[in-house]
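Reading through the structure tokens given below for one structure.
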Amino acid sequence: MVRQEEEEASPDALVVLDRAADRWDRPGDDVDPAFETAVTLCGSVALRLAQDGYSVDVVDSAGVLLGRCAAMRRIGRT
């Protein structure tokens, strides 16, 4: 009998957050609540993808790396 090992796929994902000032800039010192929502959603999506086994890079619209999440393995899932 011959055993052949299969390579595990390590999928990658890219999450883009548009943080351009002209999109989010508001008069005064107030933070745009829509920007806060976008940041929260960006983090949530990146975390979920990592939980689902993806290696995730988070970049802005200019391609600047903002963060990286390593893929997480769930015990007991097939």
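Mapping of the sequence shown onto UniProt numbering: position 56 corresponds to residue 56, and the numbering continues sequentially without gaps. By construction, the Cβ of each residue, glycine as well, lies at the ideal position given by its N, Cα and C atoms. Computed from a predicted structure; not experimentally measured.
Classification of residue i by the beta-carbon crowding that lies within 10 angstroms, buried from 16 upward
{"i": "residue 104", "result": "Outside the shown range of the chain, which is 1 to 78, sits residue 104, and nothing can be said about it."}
{"i": "Leu47", "result": "exposed"}
{"i": "Leu41", "result": "exposed"}
Distance CB(residue i)-CB(residue j) smaller than 8 Å
{"i": "Val15", "j": "Val45", "result": "yes"}
{"i": "Arg68", "j": "Asp57", "result": "yes"}
{"i": "Ala20", "j": "Ser61", "result": "yes"}
{"i": "Leu66", "j": "Ala38", "result": "no"}
Residues sharing a beta bridge with residue i, DSSP
{"i": "Arg68", "result": "Asp57"}
- Does the region 30–37 come close enough to the region 46–63 that 3 or more CB-CB pairs lie under 8 Å? Contact between the region 46–63 and the region 30–37 is absent, with fewer than three C-beta pairs closer than 8 Å.
- Query: Along the chain, which unbroken stretches of the beta strand (DSSP E) at least 3 residues long are found entirely within the region 5–62?
  - Reply: Listed in chain order, they are 12–17 and 55–60.
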